[in-house]
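Engineer: Before I ask anything, here is the structure I am working with.
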Amino acid sequence: MNIVEEIVWFRQELKRQVNPKRAEGEKKYLKSPWKFYGVDMSRRRVIVNQWFKDHPKIEIPELEKLAEKLWDSQWHDEKTIAIMILAEKKKHLTVSHMPFIEIMIKEATGWDHLDEIAAHLVGAMIENDPKAIRYLSKWATSKNFWVRRASLLSQILLFRKGKGDHALFFKLAVPMFEEGKTWSKEERFFIRKAIGWTLRELCKSRPEEVVRFIKKYKEKMSGLTFREGSRNLPRKLQQQL
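Residue numbers in the sequence shown follow the working numbering, run continuously in steps of one, and reach 1440 at the last position.
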């Protein structure tokens, strides 16, 4: 596979779908430093599906090289496609692919990319290769708040399926209640939201444990975390809070 030719193909397909008005709105909404084609997700999905149809036997090593080049782009849409093509083969991701995934997490500049990488790529990696979970503890103490957010969200889809290490999530979340006092308003919002969202997914499989956690740390957690975290609890359990 010629990486340069594949990049050219993706760019041509994206340029055919350019929407300047949408591009301007997305850039403003996401507060992104990158350039935008303004291609919506459904059209990006069509492009990615066509590419895989044309490359049915693509192997992970080649796919990772292509993703690296797309991720290095100055265009937001190309970075998104880097995530999408890796997610397409997520069942084959293992801890050996973490070096590049970790780079993506550290370089992410917004929630849209970060959340997709954490939930779909790292989450799949943990499910496929449990050794990958050790990265979460390291990320939880990072100075980069997007990396900290990744430590919280990487198991969210696993929790939805009744899998994952909920005790580790609780362990990582608790110190952030206190540490958040020194963070910026933006950092606090995104971390508090991440904790709440993840608790909300845990409510589906471990509601009693979520109730115990919220009861224990209710005075330390924000209203945002409490509201999000308790939203999916059965009414009887909500009344205990």
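Even for Gly, the Cβ is constructed at its ideal location relative to N, Cα and C.
Treat the numbers as computed from the prediction; the structure is a model and nothing was measured.
1) Measure the C-alpha to C-alpha separation of residue 1148 and residue 1200 and round it to an integer number of angstroms.
2) Taking the alpha-carbon of residue 1211 as reference, which of 1426, 1247 and 1407 has the nearest alpha-carbon?
3) Residues in the same chain with beta-carbon distance under 8 Å from residue 1316, minus the five sequence neighbours each way, listed in chain order, please.
4) Quick check: what's the CA-CA separation for residue 1388 versus residue 1256?
5) Please report the distance separating the alpha-carbon of residue 1236 from that of residue 1434.
6) Could you give the DSSP three-state label for residue 1274: helix, strand or coil?
7) Quick one: is residue 1375 buried, meaning 16 or more other Cβ sit within 10 Å of its Cβ, or exposed?
8) Check whether the segment 1327-1337 touches the segment 1290-1297, counting contact only when three or more Cβ pairs, one atom from each stretch, lie closer than 8 Å.
9) Terminal residues of the continuous alpha helix (DSSP H) containing residue 1217?
10) Along the chain, where does the alpha helix (DSSP H) that runs through residue 1239 open and close?
Structural biologist: In short:
1) A query on residue 1148 cannot be resolved here, the shown segment of the chain reaching from 1200 to 1440 and no further.
2) 1247
3) 1282, 1300, 1303, 1304, 1307 and 1349
4) 42 Å
5) 45 Å
6) strand
7) buried
8) yes
9) That residue, residue 1217, is in no alpha helix (DSSP H); it is neither H nor E in DSSP.
10) Here residue 1239 belongs to no alpha helix (DSSP H), and DSSP marks it neither H nor E.
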